[in-house]
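A short worksheet on the structure shown next.
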Amino acid sequence: MLERETEKSQILVNQQITAFPPNFIHSLDSSHMMMTALACRKAGLNFAGVHDSCWTHACDVDEMNRILREKFIELYEQPILENLLEGFQQAFPSLSFPPLPEQGDLNVREVLDSPYFFN
């Protein structure tokens, strides 16, 4: 249902708060898939995907798996949460935001050696 936005339109804050995290994670998953699809195309591989499932011809699976891992690293080595917070602060300067959680010690490059990262 479409509704024309007016000054009287009510923003349901609690629904926005609960909807944002899964939508943000889904956007990261889809970004990873798009990066993978573009890299597969550049490498000459056929690629198909839905949500978090990726396909190619059996003879190209090993190369696609390498690309999946490399693109995951490329994406998650970026300061994603820092960029998100900065964007919020610029878009909504009158609001205050909680500090980011402390970063853990996961080495994202370990996915290169993880046999079950994607299979």
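Residues in the sequence shown are numbered from 78 upward in steps of one, following the numbering used here. All C-beta atoms in this analysis are idealised placements derived from N, C-alpha and C, irrespective of residue type, glycine included. Computed from a predicted model, the values in this text were never measured in an experiment.
Where residue i falls, given that 16 or more other Cβ within 10 Å makes a residue buried
i, result
"M111", "exposed"
"K119", "exposed"
"L177", "exposed"
"L233", "Lying before the first or after the last residue shown, residue 233 is absent from the chain, which here runs from 78 to 196."
"L189", "exposed"
Beta-carbon proximity list for residue i, same chain, < 8 Å, skipping 5 on both sides
i, result
"A96", "none"
"M141", "T113, C117, L122, F124, C131, T133"
Same chain only: Cβ atoms within 7 Å of residue i, ignoring 5 sequence neighbours per side
i, result
"Y153", "V185"
Boundaries (first-last residue) of the alpha helix (DSSP H) holding residue i
i, result
"G164", "157-168"
"V90", "90-119"
Cutoff 8 Å: residue i Cβ touching any chain B Cβ
i, result
"K119", "The chain inventory of the structure shown lacks chain B, comprising one protein chain alone."
Continuous beta strand (DSSP E) stretch holding residue i: start and end
i, result
"V138", "Careful: V138 lies outside any beta strand (DSSP E), inside the alpha helix (DSSP H) at 138-153."
For the structure I just gave you, are there three or more beta carbon pairs, one from the segment 100-115 and one from the segment 134-152, closer than 8 Å? As far as the Cβ criterion goes, the segment 100-115 touches the segment 134-152, which means the pair count is three or higher.
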